[in-house]
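Chemist: One structure is given below, represented as structure tokens, and several questions about it will come after.
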Amino acid sequence: MADTLTPVLTANWGDERAWKLANYERRDGYQGLRRALTMEPAEVVALVKDSGLRGRGGAGFPTGMKWSFIPQDNPKPKYLVVNADESEPGTCKDIPLMMASPHTLVEGVIISAYAINCHTAFIYVRGEVLHVVRRVQQAVREAYSAGYAGKNILGSGYDLDIVVHAGAGAYICGEETALLDSLEGRRGQPRLRPPFPAVAGLYASPTVINNVESISSVPAIVRGGAEWFSSMGTEKSKGMTIYSLSGHVRNTGQFEAPLGITLRQLLELAGGMREGHRLKFWTPGGSSTPILTPEHLDVPLDYEGVAGVRSMLGTKALQCFDETTSVVRAVLRWTEFYKHESCGKCTPCREGTWWLVQILSRLEAGRGEPGDIEKLLDLCENILGRSFCALGDGATSPISSAIQHFRDEFEAGMHTPAWELFPYEASRRFAPAPATAGAGA
Amino acid sequence: MTRTHTNGHAPAGVHHGDPNAHRPEPIDVEETSTLIDEGVREELRAIVARYPQPRSALLPMLHLVQSVEGRVTAAGIEACAEILQISAADVSGVATFYTMYKRRPVGRYHVGVCTTSLCAIMGGDELFAALQDHLGVGNDETTEDGVFTLEHIECNAACDLAPVMTVNWEFFDSQTPDSAVDVLERLRSGEEVRATRGARVCTWKQAERVLAGFPDGRADEGPTSAPESRLGLRIAAERGWTAPPVPGRDEPSGDRNPQAQTQAAGAQGHAEDASLKQAESKESGVSADEARPASGPAGGQTGTSTATEEGSARRGEGENGTTKGGEA
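This is the structure:
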């Protein structure tokens, strides 16, 4: 039985200048790469398969299996693309990882690229995180200088180029096929699947797209072995992962634990909810995962456990809201996000998110009309499963789950503004400041 | 002065009515002067050379155009189209899809306030209202002196440090209306301002140049992480929790025990954070303001020992960073 917290990816986040190559090497950095280069690429794929690593970007697809789908007899070049476009509301693990220890990612990129016989890899970082872009750019330059990237890596005969690519502000580019279109210099709009990226991805060539945390887990797996990795976690959800606690929690922050820890355990470590308040609702993995309530505090936070209560583990972004929070307000703001980020390609999402915002806005203002709740549910039904990609599906999750758990508050939106039921200043992190409190009123 | 967010007695962040009501100023298409010269074209072509296929360079090329022109200009679009051998309409379609590309001039400092659900609820709405009020501009508008552009942004992946502000895409974590106004005032007065998790704030154009893939030598500035980022690490060290031991280690560096290192690192993190009074600082706004002076060099880094250590590390590293940037 592994310990409650198991820092591996976060182990060096307290080190001074952890982002520098020399400091990373001092902690066994690039030893995973050295070992991988003594193995056949197929052996590396098998190792990652055996470890049970599943995608940390939301969907939880087995990483090694994804790699094995790359048709090695295809004469076209193979590509590895890292999805570092972290922007799912509530999700805040990849950005601190790349800022503190970009070499963990870069080493993972080199090993993973070697495993799938790829000679050009891309790290697609969202553009709105300037300092993370700097640190990743520098880490890649350092890796080249040290012979870990470029031609004939560590004398192995293996060549790899790594390109750091900054995005330009579009949540949709976190969707893997939209990311590929964006990386090809187009508007970031999702593609029809099949063909899947493993067969025809970037430049219509076989492509693996993985999340930052998934790729960053690879060096530790190669160093420790599949058994070591799978000694953490639960039966079908192996290994350690980063949980991000935010919201009305006494001490917010990042916790690296074996998959399967519960929110009750994490909240205990975080000192509970802020003094004098109690948990009202929370997301297990970002805003696209249906919200949960205190009755779900003991649900194991692994892929199966959260699916068992009809939500999703997602990105393990645990946004915790206390009893001062208006559910209608929170859901409206998430819906505004989806409306803003909808790429416009398909009608249900483009038009539907617009309608949802209009209805939720009047419910927030206490000006809801009879039948609004039914209309919201009807709209959700017409978006879910009928959109081109998961953005539309995700947009419906907070709404339908919130109505399921907190229908009263939506009913109240027929006559009372949300800010009268739940004075907004009570939800703030900072105390009301008389000098500025009136500014927006 | 536009007040898109003002709505009777509704709180900050509430806006109703015609969603089409806010129409931005039209783009000035008469303005054809450009700073794109042969040198810039050379750099645009250098971006193309990084990619297996030329068109992949378009996003960084547009970042570079912004770094030169202060926005995406018609001339910039033409230059990209010509170099990539695609139509100006194709480039234009891309330039209008992504929110970071601006067709209207952006100020010296782009100020973003996260108003997605969690940050909005934690105080982002009041933060944004306070900055609107302070600067006298609405969303996506620039002050008349061209110093600030204000924009409410979507989730910027720092939710454990809400409410979040960005200046030229550097993190200013855990802000209050007062601390945010203070940051802007110091920038306006020409003072050098450091991000709470990042480097000295550069201009928006300089930031765009980095995003285009031209390093500025500031990667070594700033801390490794925020205290919040290493909270779990600290608790693990306190309680002696580690990842399972790695079996049969035989690498060249096998003499080192990663568990011992983890503990040591955690302990170091613990020592750094020892003076933190996070619980207190989050419970009461008064002590939060005291403990988290976003005005200080350490900004959102609470606790004097952390601030001093990391501050001095930064000072030492600034020079290295510059040298490295020169080499690159």
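Top line first, the protein sequences correspond to chains Z and X.
Read left to right, the first sequence gives residues 1 to 441 (full-length UniProt numbering).
Read left to right, the second sequence gives residues 1 to 328 (full-length UniProt numbering).
Ideal placement from N, C-alpha and C gives every residue a C-beta, glycine not left out.
Keep in mind that this is a model prediction, so the values were computed, not measured.
1. What is the DSSP secondary structure of TYR109 (chain X), counted as helix, strand or coil?
2. Is it buried or exposed, ASP89 (chain X), if we count other Cβ atoms within 10 angstroms and call 16 or more buried?
3. So which of Z:THR241, Z:TYR158, Z:SER87 and Z:ARG186 has the shortest CA-CA distance to GLY60 (chain Z)?
4. Once the 5 residues before and after ASP159 (chain Z) are set aside, which same chain residues still bring their CB inside 8 Å of it?
5. Who are the neighbours of TYR101 (chain X) on chain Z, taking C-beta pairs under 7 Å?
6. Short check: CB of TYR124 (chain Z) to CB of SER205 (chain Z), under 7 Å?
7. Just verifying my parser: in three-state terms, what is the DSSP assignment at TRP204 (chain X)?
8. For the beta strand (DSSP E) that PRO258 (chain Z) lies in, which residues bound it at each end?
9. Going by the CB atoms, is the gap between GLY286 (chain Z) and ALA330 (chain Z) shorter than 7 Å?
10. From the DSSP output, read off the bridge partner residues of ILE123 (chain Z).
11. At 7 Å on the CB atoms, spell out the chain X contacts of GLN319 (chain Z), in chain order.
12. Using a Cβ-Cβ distance cut-off of 7 Å, determine whether THR32 (chain X) contacts chain Z.
13. Report yes if the C-beta distance between ARG103 (chain X) and ILE27 (chain X) is below 7 Å; otherwise report no.
14. Tell me whether the stretch 309-328 of chain Z and the stretch 414-430 of chain Z touch, counting them as touching only if at least three CB pairs, one residue from each stretch, are closer than 8 Å.
15. The beta strand (DSSP E) that contains GLY247 (chain Z), what's its start and end?
16. Is TRP169 (chain X) close to chain Z? Criterion is C-beta to C-beta, closer than 7 Å.
17. Per DSSP, HIS152 (chain X) forms a beta bridge with which residues?
18. Alpha carbon to alpha carbon, how far is SER68 (chain Z) from GLN175 (chain X)?
19. Give me the residue from Z:ALA412, Z:ALA143, Z:CYS173 and Z:ARG141 with the minimum Cα distance to ALA390 (chain Z).
20. Using Cβ-Cβ distances below 8 Å, what residues of the stretch 178-200 of chain Z are close to chain X?
21. Against PHE61 (chain Z), what residues of chain X qualify as contacts under a CB-to-CB distance less than 7 Å, listed in chain order?
22. Using 10 angstroms around the beta-carbon of ARG223 (chain Z), count the other beta-carbons present and answer buried if the total reaches 16, otherwise exposed.
23. Return the Cβ separation of PRO163 (chain X) and GLY124 (chain X) in integer angstroms, given the expectation that the two are a contact with Cβ distance under 8 Å.
24. Checking contacts by CB at 7 Å: is ASN139 (chain X) closer than that to chain B?
25. Thinking C-alpha only, which one of Z:VAL163, Z:ARG386 and Z:SER401 is nearest LEU192 (chain Z)?
26. Can you confirm whether the stretch 233-247 of chain X touches the stretch 60-74 of chain X when touching is taken to mean that 3 or more C-beta pairs between the two stretches lie within less than 8 Å?
27. Which of the three DSSP states is assigned to GLY366 (chain Z) in this structure?
28. Between which two residues does the beta strand (DSSP E) holding ASP209 (chain Z) run?
29. Between which two residues does the beta strand (DSSP E) containing ALA317 (chain Z) stretch?
30. Using C-beta distances below 6 Å, list every residue in its chain close to SER156 (chain Z), excluding the 5 sequence neighbours before and after it, in chain order.
31. Which residues of the stretch 38-59 of chain X have a Cβ closer than 9 Å to any Cβ of chain Z? Give them in chain order.
32. Would you mind telling me which residues of chain Z sit closer than 9 Å to GLY93 (chain X), beta carbon to beta carbon, in chain order?
33. Using 7 Å as the threshold, is the C-beta distance between ARG56 (chain Z) and SER214 (chain Z) below it?
34. At a CB-CB cut-off below 8 Å, which residues of chain Z make contact with LEU62 (chain X)?
35. Taking all protein chains shown into account, decide if ASN74 (chain Z) is buried (16 or more other Cβ within 10 angstroms of its Cβ) or exposed.
36. In the DSSP output, which residue or residues are listed as bridge partners for ARG54 (chain Z)?
Modeler: Quick answer:
1. As a position in the second sequence, residue 109 (chain X) is number 109, starting the count at 1. Looking at TYR109 (chain X) - three-state DSSP - the assignment turns out to be strand.
2. The sequence position of residue 89 (chain X) within the second sequence is 89, counting from 1. Reading the sequence as shown, one finds Ala at residue 89 (chain X) and not Asp. Classification of ALA89 (chain X): exposed, given that the 10 Å Cβ count is below 16.
3. For the purposes of this step, residue 60 (chain Z) is taken as residue 60 along the first sequence, with counting starting at 1. Comparing Cα positions, the closest option is Z:THR241.
4. Within the first sequence, the letter at position 159 stands for residue 159 (chain Z). Only HIS119, GLY150, LYS151, ASN152 and ILE153 meet the Cβ criterion.
5. Mapped onto the second sequence, residue 101 (chain X) falls at position 101. Chain Z residues near TYR101 (chain X): ALA168.
6. Here the question's residue 124 (chain Z) lines up with position 124 in the first sequence. Here the question's residue 205 (chain Z) lines up with position 205 in the first sequence. Contact: no.
7. Translated into the one-based positions of the second sequence, residue 204 (chain X) becomes position 204. Note: TRP204 (chain X) maps to helix in three-state DSSP.
8. Translated into the one-based positions of the first sequence, residue 258 (chain Z) becomes position 258. Here the beta strand (DSSP E) through PRO258 (chain Z) covers 253-258.
9. Locating residue 330 (chain Z) in the first sequence gives position 330, where the first residue counts as 1. Locating residue 286 (chain Z) in the first sequence gives position 286, where the first residue counts as 1. No, the Cβ-Cβ distance between ALA330 (chain Z) and GLY286 (chain Z) is not below 7 Å.
10. Working through the first sequence from its first residue, we reach residue 123 (chain Z) at position 123. Its beta-bridge partners are Z:VAL82 and Z:VAL164.
11. The count along the first sequence starts at 1 and reaches residue 319 (chain Z) at position 319. Going along chain X in sequence order, the residues near GLN319 (chain Z) (Cβ under 7 Å) are LEU118 and CYS159.
12. Taking the first residue of the second sequence as 1, we reach residue 32 (chain X) at position 32. No, THR32 (chain X) lies away from the interface with chain Z (no Cβ there is under 7 Å from its Cβ).
13. Position 103 of the second sequence holds residue 103 (chain X). Position 27 of the second sequence holds residue 27 (chain X). Taking 7 Å as the Cβ cut-off, ARG103 (chain X) and ILE27 (chain X) qualify as a contacting pair.
14. yes
15. Counting from one through the first sequence, the residue named residue 247 (chain Z) turns up at place 247. Residues 240-247.
16. The residue labelled residue 169 (chain X) in the question sits at position 169 within the second sequence. Chain Z contact via Cβ: present.
17. Position 152 of the second sequence holds residue 152 (chain X). Bridge partners of HIS152 (chain X): X:VAL113.
18. Here residue 68 (chain Z) refers to the residue found at position 68 when the first sequence is read from its first residue. Here residue 175 (chain X) refers to the residue found at position 175 when the second sequence is read from its first residue. The straight-line gap from Cα to Cα measures roughly 46 Å.
19. Working through the first sequence from its first residue, we reach residue 390 (chain Z) at position 390. Of the listed residues, the one whose Cα sits closest to ALA390 (chain Z) is Z:CYS173.
20. SER182, LEU183, GLU184, GLY185, ARG186, ARG187 and GLY188
21. Your numbering for residue 61 (chain Z) matches position 61 in the first sequence. Near PHE61 (chain Z) there are no residues of chain X at all, since even the closest Cβ is about 22 Å away, more than 7 Å.
22. Counting from 1 along the first sequence, the entry for residue 223 (chain Z) is found at position 223. Classification of ARG223 (chain Z): buried, given that the 10 Å Cβ count is 16 or more.
23. Walking along the second sequence from the start, residue 163 (chain X) turns up at place 163. Walking along the second sequence from the start, residue 124 (chain X) turns up at place 124. Yes, PRO163 (chain X) and GLY124 (chain X) are in contact; Cβ-Cβ is about 4 Å, under 8 Å.
24. Absent from the structure is chain B; the protein chains it does hold are Z and X.
25. Taking the first residue of the first sequence as position 1, residue 192 (chain Z) is located at position 192. Among Z:VAL163, Z:ARG386 and Z:SER401, the Cα nearest to that of LEU192 (chain Z) belongs to Z:ARG386.
26. no
27. Residue mapping note: residue 366 (chain Z) aligns to position 366 of the first sequence, counting from 1. The answer is coil: DSSP assigns GLY366 (chain Z) none of H, G, I, E or B.
28. For the purposes of this step, residue 209 (chain Z) is identified with residue 209 of the first sequence, where counting begins at 1. Sequence inspection shows Ile at residue 209 (chain Z); the Asp mentioned does not correspond to that position. It spans 207-211 - the beta strand (DSSP E) in which ILE209 (chain Z) sits, taken as one unbroken run.
29. Locating residue 317 (chain Z) in the first sequence gives position 317, where the first residue counts as 1. That run of the beta strand (DSSP E) goes 317-322.
30. For the purposes of this step, residue 156 (chain Z) is taken as the residue at position 156 of the first sequence. Contacts found: LEU37.
31. ARG50, TYR51, PRO52, GLN53, PRO54, ARG55, SER56, ALA57, LEU58 and LEU59
32. Here residue 93 (chain X) is taken as the residue at index 93 of the second sequence, counted from 1. Within 9 Å Cβ-Cβ: ARG186 and ARG187.
33. Within the first sequence, residue 56 (chain Z) is the residue found at index 56, counting from 1. Within the first sequence, residue 214 (chain Z) is the residue found at index 214, counting from 1. For ARG56 (chain Z) and SER214 (chain Z), yes; Cβs fall inside 7 Å.
34. Against the second sequence, residue 62 (chain X) aligns to sequence position 62. Those within 8 Å of LEU62 (chain X) in chain Z are ALA168.
35. The count along the first sequence starts at 1 and reaches residue 74 (chain Z) at position 74. By the Cβ neighbour-count rule, ASN74 (chain Z) is exposed, with fewer than 16 other Cβ atoms within 10 Å of its own.
36. Counting from 1 along the first sequence, the entry for residue 54 (chain Z) is found at position 54. According to DSSP, which records beta bridges pairwise, ARG54 (chain Z) is partnered with Z:PRO62.
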